[in-house]
Amino acid sequence: MSVLNVTFLGSDDLAKEIGKSSDSRDVESYVYKETNDSGVRILSLVRPVTYPERLKPLTSSLTLGDFVVLEVNAIDARLGELLVACSCSGISDGVIIPKPNPDQWIDEDQLAQLVNQAGLGHWAIKKLDALSLRELMLEYLSKKEQELKNRLNDPLVIAVDQFFNVKGVGLVVIGGVRTGLVNKHDNLKILPSNGNGIVRSLQVMDDDVEQAKAGDKVGLALRNADENSLSQGSLIVHSDAETSVEVHNKTELEFVSAAFARYSPTVGGVIHVAIDLQFVVGRIDAVEDKKIIVNWESPLMIRKHGSPHLLICQLDAKPRIIGHSIEYKKID
Numbered sequence: 616m617s618v619l620n621v622t623f624l625g626s627d628d629l630a631k632e633i634g635k636s637s638d639s640r641d642v643e644s645y646v647y648k649e650t651n652d653s654g655v656r657i658l659s660l661v662r663p664v665t666y667p668e669r670l671k672p673l674t675s676s677l678t679l680g681d682f683v684v685l686e687v688n689a690i691d692a693r694l695g696e697l698l699v700a701c702s703c704s705g706i707s708d709g710v711i712i713p714k715p716n717p718d719q720w721i722d723e724d725q726l727a728q729l730v731n732q733a734g735l736g737h738w739a740i741k742k743l744d745a746l747s748l749r750e751l752m753l754e755y756l757s758k759k760e761q762e763l764k765n766r767l768n769d770p771l772v773i774a775v776d777q778f779f780n781v782k783g784v785g786l787v788v789i790g791g792v793r794t795g796l797v798n799k800h801d802n803l804k805i806l807p808s809n810g811n812g813i814v815r816s817l818q819v820m821d822d823d824v825e826q827a828k829a830g831d832k833v834g835l836a837l838r839n840a841d842e843n844s845l846s847q848g849s850l851i852v853h854s855d856a857e858t859s860v861e862v863h864n865k866t867e868l869e870f871v872s873a874a875f876a877r878y879s880p881t882v883g884g885v886i887h888v889a890i891d892l893q894f895v896v897g898r899i900d901a902v903e904d905k906k907i908i909v910n911w912e913s914p915l916m917i918r919k920h921g922s923p924h925l926l927i928c929q930l931d932a933k934p935r936i937i938g939h940s941i942e943y944k945k946i947d
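Residue numbers (the numbering used here): 616 to 947.
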């Protein structure tokens with residue numbers, strides 16, 4: 616089974632033409648599944664429903680994605696923020712679909728210029744219907760299949776989205792397998808709380824399975840686990856491989872400013888960082904050239920293998936995505 620996780624920044628109508636809606640909260644999920652001679656292929660779309668009112672659903676969607684679909688209805692401040700967010704996320708590939716609002720039009724030369732300025736000039740700008748878009752994503756999945764499979768070789772990391780108790784089952788955790796593999800009966804550790812649990816059962820796409828792998832959205836029933844050890848954004852690893860994630864209370868990072876950003880880091884300034892469903896607030900302790908040191912209000916967890924960009928936000932800035940970092944080290 617091959618899965619492409621797609622950050623879908625477009626309309627509910629278009630998403631529903633591509634896949635079946637499966638979960639609706641701040642972030643809505645849609646799934647398309649096909650089976651052919653080469654196996655099962657899945658497109659798993661996540662769409663930030665409450666953006667632009669709330670920024671976190673957008674950053675959560677971006678931290679899960681391997682491909683972006685951006686539907687453009689108008690050239691406005693919202694588009695600028697989305698382009699900046701996509702560029703800073705580090706997601707290498709995407710497609711931009713011009714679809715103007717009724718009685719309006721989009722200057723495609725102006726759109727192309729903005730896309731280039733945001734650093735996304737290699738992304739395609741195409742007018743596509745749902746069927747053509749689905750085929751484009753499936754072609755991309757085929758092209759990137761081996762690259763996605765390489766994540767299976769890295770240590771297990773699951774980013775926790777939600778958790779709850781189910782009568783007769785116990786504690787259930789829903790999350791995205793970022794890297795590695797998880798099997799029934801595996802011993803797990805929950806970070807940053809250092810809680811423990813054992814996998815009782817696994818579900819992927821509502822099917823009971825023996826194993827879940829990188830790219831899957833998984834439901835884990837855990838035994839001997841405490842609900843209080845979990846929060847949204849917790850990371851789950853194998854008990855004997857907890858060093859695969861670095862837990863930061865204080866970080867030195869190289870700040871790379873976003874296109875269109877008018878924010879400069881200052882001592883005492885408050886920022887948020889998004890990575891692997893986390894949205895962690897921190898206060899800038901020092902600024903030296905491009906490097907800043909940040910004290911985190913709660914621990915920031917960074918994968919040691921294949922970790923994506925740190926997406927840096929400032930909620931009072933315009934745009935609210937102010938930059939990113941790929942060079943960082945733990946101070947405390």
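Note that the Cβ used here is the ideal one computed from N, Cα and C, for glycine as well.
Problem - Neighbourhood of L670 by C-beta distance below 7 Å, restricted to the same chain and skipping five residues each side - result: Excluding sequence neighbours, L670 sits near C928, L930 and R935.
Handout entry: Contact set for V792: own chain, Cβ-Cβ below 7 Å, skip 5 residues either direction
Key = I773, A827, K828, A829, G830, D831 and V833
Handout entry: Rounded C-alpha distance that separates Q893 from G848
Key = Near 4 Å, if we compare the C-alpha coordinates of G848 and Q893.
Exercise for the section: State the start and end residues of the unbroken alpha helix (DSSP H) segment that holds M752. Expected result: A745 to K764
Problem - Rounded straight-line distance, which links the Cα of V819 to that of L763 - result: 17 Å
Exercise for the section: Check V655 in the structure and name its three-state DSSP category. Expected result: strand
Handout entry: Simplified DSSP assignment, three categories, for S872
Key = strand
Practice task
Tell me whether Q732 sits in a helix, a strand or coil according to DSSP, three-state version.
Solution key: helix
Problem - Proximity below 7 Å, CB of V902 to CB of A836 - result: no
Practice task
Report all residues from its chain with a CB closer than 6 Å to the CB of P663; omit the five preceding and five following residues, and keep chain order.
Solution key: V642, P672, L673 and S676
Exercise for the section: Under 8 Å Cβ to Cβ from V646, same chain only, skipping five residues before and after it: list those, please. Expected result: G634, K635, S637, I657, L658, S659, L660 and M820.
Handout entry: Element boundaries [beta strand (DSSP E), containing T794]
Key = For T794, the enclosing beta strand (DSSP E) begins and ends at G785 to T794.
Practice task
Can you give me the start and stop residues for the alpha helix (DSSP H) that P672 sits inside?
Solution key: DSSP places P672 inside the alpha helix (DSSP H), whose first and last residues are K671 to L679.
Problem - Among A692, L735, N731 and Q725, the one whose alpha carbon lies nearest that of V683 - result: L735
Handout entry: Alpha-carbon to alpha-carbon, V797 and G625
Key = 32 Å
Practice task
From the DSSP output, read off the bridge partner residues of H853.
Solution key: Under DSSP, the beta-bridge partners assigned to H853 are L803.
Exercise for the section: Using alpha carbons as the reference points, say which of I789, G680, R749 and D823 lies closest to I712. Expected result: R749
Practice task
Compute the Euclidean distance between the alpha carbons of D708 and H737, then round it to the nearest angstrom.
Solution key: 8 Å
Practice task
Tell me whether S816 sits in a helix, a strand or coil according to DSSP, three-state version.
Solution key: Correct three-state label for S816: strand.
Handout entry: Three-state secondary structure assigned by DSSP to N768
Key = helix
Handout entry: Where the beta strand (DSSP E) containing I633 begins and where it ends
Key = First-last for I633: D627 to I633, but that is the alpha helix (DSSP H), not the beta strand (DSSP E).
Handout entry: Residue from F870, G785 and H887 whose Cα sits closest to the Cα of G944
Key = The question names Gly, but residue 944 is Lys in the sequence shown. In terms of Cα proximity to K944, the closest of F870, G785 and H887 is F870.
Handout entry: Cβ-based neighbour list, S729, same chain, cut-off 8 Å, excluding 5 preceding and 5 following
Key = Sequence inspection shows Leu at residue 729; the Ser mentioned does not correspond to that position. I690, L694, G695 and L698.
Practice task
With DSSP as the reference, label V664 as helix, strand or coil.
Solution key: coil
Practice task
Please decide whether Q719 counts as near chain B, where near means a Cβ-Cβ distance under 7 Å.
Solution key: Here chain B cannot be found, since the structure has a single protein chain.
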